[in-house]
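Okay, so the sequence shown: first residue is 9 according to my numbering, each after it adds one. Ideal Cβ positions, reconstructed from N, Cα and C, are used throughout, including at glycine. Predicted model, so just to flag it, every value in this text is computed and none were measured.
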Amino acid sequence: MSYWQFRLRLYNESLKQWLESLKQISMGLVALFPLALPALIFLPFVAWGILSEANSENTLYLNTLWGYLLFLYSWMLLQRHGILATQHGYYVDSLAVTHSKRHWCETGLIVYSANILVLGPLGLLLLMVYQGGDRFLTLPFSQIIEQLAPIIGLVALVSYYSVSAVRVPKLPWLSLLLLPLALIPMADELSKIQCLVLWCAAILIERHIPAFSFNLGAWPKGLLRLQLQADLHNPRSEGLRLVALLLMSILLGIMYGGVKSEAQSYIAGFLSFCAALLMASSLFDSQALQRLYQPYFSSLPMSKYTMLGHCLLYVGLKAIPGLLLLAYMGLFSAMHWALWLMFYITSLIGILVRPAWFFIGPIVSAIVVFLLVELVG
């Protein structure tokens with residue numbers, strides 16, 4: 009077995025373990041996941057059509073680019089340990105393999121794991137250059153750059169973030185969060201080339217800013233501090249939940265701006281449903297923490313219901329960043345906020361009563377609301 013085959017097998021085993029762990033989150037989520045697969049498969053193809061078109065609207069281009077890069081970065085981050093073989097790190101480091109060969113094998117695994125998300129834009133760029141070769145010979149250089157800048161920017165950014173997710177420990181908080189939030193409101197005032205230049209500048213800035221640390225200080229205390237420390241020690245779950253909410257908000261925001269006003273309310277209602285389920289699922293983490301430290305929780309001088317109240321309070325506090333994001337997107341009316349609250353409460357009740365099928369309550373309430381709206385309308 010060659011070194012490449014060995015690393016590939018370690019990666020495949022790690023990916024298999026990760027997929028198996030998904031089944032332990034909730035049987036309901038796993039049961040619903042196959043329904044979304046057809047849409048997920050075609051999403052990159054839809055995004056390429058927008059991101060390769062020089063004449064697409066700047067706001068649509070930036071939203072699609074942001075969602076595409078978020079999805080790519082999250083997908084690569086999930087596979088990071090498998091690509092680097094961190095679970096078998098000591099053994100891998102002991103092998104008599106040159107640093108260059110180790111580096112190229114990891115690069116090959118990055119391309120292999122990103123597959124169509126990276127190779128698709130690259131193939132599209134080569135196809136555009138090949139098909140427009142004769143035409144590009146007659147155009148001024150400035151027009152050639154203007155035509156190819158969107159797809160070249162996409163290829164450059166997906167190449168960077170696929171490698172960065174694996175090899176750079178610092179999170180791209182500036183280029184993948186703050187910059188898009190600031191750019192999108194003024195997208196029409198800038199060209200695509202200017203947006204891409206600002207994006208690259210943000211990457212360079214965040215690479216040179218030292219990583220900051222967060223200190224809890226003397227407050228909070230008690231159960232709230234324990235739960236917060238657990239999330240800070242293992243931030244992957246909450247981070248992926250926030251990324252998923254961002255992706256949903258971006259995708260549905262694009263749909264919201266492209267449909268008639270009569271349909272916009274339904275899109276916002278669907279976002280309120282998905283966001284409520286996603287935020288409420290944080291209660292699973294709190295319950296897992298209680299099971300892990302059951303002797304400690306049992307020794308506390310408080311009743312079961314008081315402890316549950318503390319747990320629900322903490323879950324509610326963790327929903328605040330998501331609510332701020334939804335408010336910033338500006339898609340919700342007062343009715344949609346009320347729907348979110350109803351879906352959120354029914355989801356929490358479902359997790360407490362029937363965890364494996366917690367989504368039944370929100371679905372039933374959504375159907376009832378839809379029927380009432382239709383009857384009243």
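By the Cβ neighbour-count rule, Trp26 is exposed, with fewer than 16 other Cβ atoms within 10 Å of its own. Contact annotation: Leu279 and Leu339 have beta-carbon atoms nearer than 8 Å. Assignment of alpha helix (DSSP H) within the stretch 338–373, counting only whole runs of 4 or more residues, yields 342–361 in chain order.
Counting along the chain, Pro303 sits inside the alpha helix (DSSP H) bounded by residues 302–307.
Judged by DSSP in its simplified three-state form, Ser280 adopts helix. Going by DSSP, Asp101 is part of the alpha helix (DSSP H) stretching over 97–102. Of the residues assessed, Ser341 falls on the exposed side of the cut-off, its CB having fewer than 16 other CB atoms within 10 angstroms.
Per DSSP, reduced to three states, the secondary structure at Pro148 is coil, with no helix or strand assignment. A distance below 7 Å between beta-carbons, with the five flanking residues on each side excluded, links Ser294 to the following residues of its chain, in chain order: Gln235, Cys319, Tyr322, Val323. If you look at Trp74, you'll find it in the alpha helix (DSSP H) that goes 66–86. Contact between Glu246 and Lys178 does not hold, since the beta-carbon distance rounds to 18 Å and is not under 8 Å. Exclusion of the five residues before and after Val377 leaves Leu347 as the residues of its chain whose Cβ lies within less than 7 Å of its Cβ. Arg215 has its alpha-carbon roughly 17 Å from the corresponding atom of Leu77. Within its own chain, the residues whose Cβ lies closer than 6 Å to the Cβ of Asn71, once the five positions on either side in sequence are excluded, are Ile258, Ile262, listed in chain order. If you draw a straight line from the Cα of Cys208 to the Cα of Leu297, it comes to about 40 Å. The beta carbons of Leu356 and Ala288 sit closer together than 8 Å.
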